[in-house]
Amino acid sequence: SKLGIGGLDKQFEDIFRRAFSSRIFPQSVVQRLGIKHVKGMLLHGPPGTGKTLIARQIGKMLNGKEPKIVNGPEVMSKYVGQSEENVRALFADAEAEYKARGDDSELHIIIF
């Protein structure tokens with residue numbers, strides 16, 4: 384497979400073209416074509432369908448940071464409001480970088 388994700392090349396190309404073209408084209412081209420910058424995306428589906436593989440490949444291609452891999456129970460808490468706080472903390476780095484660099488911020492990938 385040319386992208387290293389056997390059987391998922393078509394899906395990967397669709398995701399990459401739709402969601403990340405604003406990160407690879409010069410800003411002048413992005414503005415002229417009216418491409419909107421995508422700040423995030425959600426991959427969903429049953430286990431074993433290639434979500435993690437696609438996320439890792441996107442990170443490699445865009446020189447993003449290594450994905451954060453989080454198991455659901457890690458964010459859950461018996462204390463009121465703590466689970467929500469744990470989820471917010473996962474996005475803190477991405478939020479801080481976006482505030483500092485805007486659309487030029489690096490790609491952050493979080494896998495649940």
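Residue numbering for the sequence shown is 384 to 495, as defined by my numbering. Glycine residues also receive a C-beta, built at the ideal position from the N, C-alpha and C atoms. None of the values given here were measured: they were computed from a predicted structure.
Identity of the residues DSSP links to residue i by a beta bridge
i	result
lysine 451	Ile493
Residue i in three-state terms, based on DSSP
i	result
leucine 445	coil
phenylalanine 435	Contrary to the premise, residue 435 reads as threonine rather than phenylalanine in this sequence. Correct three-state label for threonine 435: helix.
serine 384	Caution applies to serine 384, whose pLDDT of 48 falls short of 50 and renders its modelled position unreliable; the model cannot decide the point.
valine 470	helix
valine 463	coil
valine 458	helix
Boundaries (first-last residue) of the alpha helix (DSSP H) holding residue i
i	result
phenylalanine 395	392–407
tyrosine 481	475–484
leucine 411	According to the sequence shown, residue 411 is serine rather than leucine. Serine 411 -> alpha helix (DSSP H) spans 410–416.
Nearest-angstrom Cβ-Cβ length linking residue i and residue j, presumed shorter than 8 Å
i	j	result
alanine 438	isoleucine 494	6 Å
phenylalanine 399	isoleucine 452	In fact, because the Cβ distance is near 21 Å, the residues do not count as touching under 8 Å.
lysine 434	histidine 491	Going by Cβ atoms, the distance from lysine 434 to histidine 491 rounds to 16 Å, so no, they are not a contact pair.
Check whether the segment 421–437 and the segment 460–468 touch, using three or more Cβ-Cβ pairs below 8 Å as the test. no
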